[in-house]
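Enquirer: Residue numbers (the working numbering): 1342 to 1671. C-beta: ideal position from N, C-alpha, C; glycine also.
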Amino acid sequence: MNHQGPAERSVILGTGSALPARRVTNAELAETVDTSDEWITERTGIKARYIAAPEETTGTLAIGAARAALAAADLKGADIDLIVLATATPDHTFPATATKVQAAIGMTGGMAFDVAAVCSGFLYALSVADSMLRTGMARKALVIGAETFSRILDWEDRGTCVLFGDGAGAVVLGLETSEADDSAPRGILTTELHADGRHHDLLYVDGGPSTTGTVGKVRMKGREVFRHAVVNLAEVMEQVLHRVGMTSADVDWVVPHQANARILDATARKLNLSPEKVVVTVDQHANTSAASVPLALDTAVRDGRIKRGDLLVLEAMGGGLTWGAAVVRY
Ligand code: UT7
1342 MNHQGPAERS
1352 VILGTGSALP
1362 ARRVTNAELA
1372 ETVDTSDEWI
1382 TERTGIKARY
1392 IAAPEETTGT
1402 LAIGAARAAL
1412 AAADLKGADI
1422 DLIVLATATP
1432 DHTFPATATK
1442 VQAAIGMTGG
1452 MAFDVAAVCS
1462 GFLYALSVAD
1472 SMLRTGMARK
1482 ALVIGAETFS
1492 RILDWEDRGT
1502 CVLFGDGAGA
1512 VVLGLETSEA
1522 DDSAPRGILT
1532 TELHADGRHH
1542 DLLYVDGGPS
1552 TTGTVGKVRM
1562 KGREVFRHAV
1572 VNLAEVMEQV
1582 LHRVGMTSAD
1592 VDWVVPHQAN
1602 ARILDATARK
1612 LNLSPEKVVV
1622 TVDQHANTSA
1632 ASVPLALDTA
1642 VRDGRIKRGD
1652 LLVLEAMGGG
1662 LTWGAAVVRY
């Protein structure tokens, strides 16, 4: 998409997030898992994660994040005509968790559906919603990433169970037309998505309705995923920046998928980006899959780091493999 001149773009009108009540530190985990605060901190940068109680579900967290984003945008549920919710841990096999959010926020028309791209889910959902807004299918969208990965972790597998947490993040998107002479228009300037299904076995869940009939648990070859992540994320970030005629020097904030602090450092180095420009929340939230980008975005908006007019690059990679990035002027 052309990033200059008059055009209708999807702008972020508000952000919100929600976390379970219970925060679990590494030390607390080490009481039941064969691990240590030292190992987790050194290898991942994670210090704590939030774990959902039985009554806290992907749906309830998504509803919390959606309400916060609507309040920030000064809008009501009835103003929204599209919900795209990214999750790999829906409340039910069907209907889509997005329809639960729809009912809860008092939205009775429009469209609501889920998108499954695991940790890249929010980038996929954002791109789908952006396309639907710009083609006139909807006027205002809620884009949500929400997960309860704690429900699909194998708590006997220390290589995965220490890495993930639960949570939700949301943004409200609306269309805005920029003036012809606006050299720095707001909104989503470009998005880019990728998938390579040959790498299924690097990161997957060993269950599902059509295979085992069970929900299954997360299985990951961490080291290999790590290697793909650094290469793919640096490449896709370069791709989106190049498309809008910018370089890493133009970026105010990278809002990355929060999988591992070492991935964030390595990717920033590859792009010659100062680590001060990278929003890091993995220390407090761990990897919340599809929720991690909007959760990090909302955290940095609310603590004042991200300001209106800032140029953001959002990026993520996850199971599939899938990956993607977006350039957004907030
Ligand atoms: O969101 C989707 C994308 N996911 C990711 O991006 C995850 C990418 N991968 C990673 O973040 C890292 O590969 C991990 C954090 C998963 C693992 O770090 P690593 O440096 O690649 O460690 P490793 O898996 O090679 O394991 C090193 C050692 C092993 O011991 P030996 O075989 O060297 O004796 C593991 O058994 O660390 C051991 N280990 C642990 N020790 C204590 C693995 N997990 C733990 C643990 N506590 N929780």
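1) Measuring CA to CA, which of Ser1351, Val1374, Gly1486 is closest to Asp1471?
2) Counting only runs of 4+ residues fully inside the region 1487-1514, write out the alpha helix (DSSP H) ranges in chain order.
3) Tell me the DSSP secondary structure of Arg1475 in three-state form.
4) Are the beta-carbon atoms belonging to Lys1655 and Val1634 less than 8 Å from one another?
5) Considering Val1571, what are the terminal residues of the beta strand (DSSP E) in which it resides?
6) Quick check: Val1596 and Val1620, are their CB atoms within less than 8 Å of each other?
7) Of the choices Arg1584, Arg1610, Val1456, Ala1393, whose alpha-carbon is the least far from that of Thr1629?
8) Is DSSP giving Gly1462 helix, strand or coil here?
9) To the nearest whole angstrom, what separates the beta carbons of Asp1455 and Ala1439, a pair I think is in contact under 8 Å?
10) Where do the N-terminal and C-terminal ends of the alpha helix (DSSP H) with Pro1616 fall, by residue?
11) If you measure between the beta carbons of Val1678 and Thr1663, is that distance less than 8 Å?
12) Measuring CA to CA, which of Asp1378, Thr1552, Gly1506, Asp1432 is closest to His1598?
13) Cα-Cα, which of Arg1670, Ala1666, Tyr1671 is closest to Val1469?
14) Is the beta carbon of Leu1426 closer than 8 Å to that of Ala1487?
15) Please give the ranges of any alpha helix (DSSP H) in the region 1396-1421, keeping only runs that are unbroken, at least 4 residues long and fully inside the region.
16) Just how far apart, CA to CA, sit Ala1348 and Ala1359?
17) Is Gly1377 near ligand 1 - that is, is its Cβ less than 7 Å away from at least one heavy atom of it?
18) Take the Cβ of Thr1501 as the centre, count every other Cβ of all protein chains shown within 10 Å, and call the residue buried at 16 or more, exposed below.
19) By a C-beta neighbour count over all protein chains shown, 10 Å radius and 16 as the cutoff for buried, is Asn1613 buried or exposed?
20) Say the cut is 7 Å; is the CB of Arg1670 nearer than that to a heavy atom of ligand 1?
21) Taking 7 Å as the cut-off, is the C-beta of Trp1380 nearer than that to any heavy atom in ligand 1?
22) Three-state secondary structure (DSSP) at Pro1628?
23) Should Phe1463 be listed as close to ligand 1, given that the test is whether its C-beta is under 7 Å from any heavy atom?
24) Out of Asn1573, Pro1361, Glu1579, point me to the one whose CA is closest to Val1668's CA.
25) For Gly1450 and Ile1529, what's the separation of their Cα atoms in angstroms?
26) Once DSSP output is grouped into helix, strand and coil, what is the label at Pro1597?
27) Is it buried or exposed, Met1342, if we count other Cβ atoms within 10 angstroms and call 16 or more buried?
28) Under the rule that 16 or more other beta-carbon atoms within 10 Å means buried, what is Pro1361, buried or exposed?
Expert: Checking against the coordinates, here is how it stands:
1) Mapped onto the sequence shown, residue 1471 falls at position 130. For the residues Ser1351, Val1374, Gly1486, the minimum Cα distance to Asp1471 belongs to Ser1351.
2) 1499-1502
3) The count along the sequence shown starts at 1 and reaches residue 1475 at position 134. Helix, per DSSP.
4) Mapped onto the sequence shown, residue 1655 falls at position 314. Mapped onto the sequence shown, residue 1634 falls at position 293. Residue identity check: residue 1655 is Leu in the sequence provided, not Lys. Their beta carbons are under 8 Å apart, which means Leu1655 touches Val1634 by this criterion.
5) Counted from its first residue, the sequence shown places residue 1571 at position 230. Looking at the DSSP string, Val1571 is not in any beta strand (DSSP E); the run it does join, the alpha helix (DSSP H), is 1563-1584.
6) By 1-based counting over the sequence shown, the position of residue 1596 is 255. By 1-based counting over the sequence shown, the position of residue 1620 is 279. Yes, they are a contact pair.
7) Indexing the sequence shown from 1 puts residue 1629 at position 288. Checking every option, the nearest Cα to that of Thr1629 belongs to Ala1393.
8) Against the sequence shown, residue 1462 aligns to sequence position 121. Reduced to three states, the DSSP call for Gly1462 is helix.
9) Counting from 1 along the sequence shown, the entry for residue 1455 is found at position 114. Counting from 1 along the sequence shown, the entry for residue 1439 is found at position 98. Yes, they are in contact, since the Cβ atoms of Asp1455 and Ala1439 sit about 5 Å apart, within 8 Å.
10) As a first step, residue 1616 must be located in the sequence shown, where it is residue number 275. Looking at the DSSP string, Pro1616 is not in any alpha helix (DSSP H), and its letter there is neither H nor E.
11) Because residue 1678 is not part of the residues shown, which for the chain are 1342 to 1671, the question remains open.
12) Position 257 of the sequence shown, counted from the first residue, corresponds to residue 1598. Looking at the Cα atoms, Gly1506 is the closest of the given residues.
13) Position 128 of the sequence shown holds residue 1469. Residue Ala1666 is the option with its Cα nearest to Val1469.
14) Locating residue 1487 in the sequence shown gives position 146, counting from the first residue. Locating residue 1426 in the sequence shown gives position 85, counting from the first residue. Contact flag set, yes.
15) 1399-1414
16) Along the sequence shown, one-based indexing puts residue 1348 at 7. Along the sequence shown, one-based indexing puts residue 1359 at 18. Roughly 33 Å separates the two Cα atoms.
17) One-based indexing of the sequence shown puts residue 1377 at position 36. First, the residue type needs correcting, since residue 1377 is Ser and not Gly in the sequence shown. Checking every heavy atom of ligand 1 against the Cβ of Ser1377, one is found closer than 7 Å.
18) Against the sequence shown, residue 1501 aligns to sequence position 160. By the 10 Å Cβ count, Thr1501 comes out buried.
19) Here the question's residue 1613 lines up with position 272 in the sequence shown. Exposed is the call here.
20) The sequence position of residue 1670 within the sequence shown is 329, counting from 1. Flag unset: Cβ of Arg1670 not near ligand 1.
21) Working through the sequence shown from its first residue, we reach residue 1380 at position 39. Checking the Cβ of Trp1380 against ligand 1 gives yes.
22) For the purposes of this step, residue 1628 is identified with residue 287 of the sequence shown, where counting begins at 1. Here residue 1628 turns out to be Asn, not Pro, going by the sequence shown. Here Asn1628 sits in strand by DSSP.
23) For the purposes of this step, residue 1463 is taken as residue 122 along the sequence shown, with counting starting at 1. No - ligand 1 has no heavy atom lying nearer than 7 Å to the Cβ of Phe1463.
24) The residue given as residue 1668 occupies position 327 in the sequence shown. Among Asn1573, Pro1361, Glu1579, the Cα nearest to that of Val1668 is on Glu1579.
25) As a position in the sequence shown, residue 1450 is number 109, starting the count at 1. As a position in the sequence shown, residue 1529 is number 188, starting the count at 1. When rounded, the distance between both Cα atoms is 25 Å.
26) Taking the first residue of the sequence shown as position 1, residue 1597 is located at position 256. In the structure shown, Pro1597 sits in a strand (DSSP, three-state: E or B).
27) For the purposes of this step, residue 1342 is identified with residue 1 of the sequence shown, where counting begins at 1. Only weak support is given to the placement of Met1342: the predicted model assigns it a pLDDT of 48, under 50, and the question is left unresolved by the model.
28) Taking the sequence shown and counting its residues from 1, the one referred to as residue 1361 is at position 20. When all chains shown are included, Pro1361 counts as buried.
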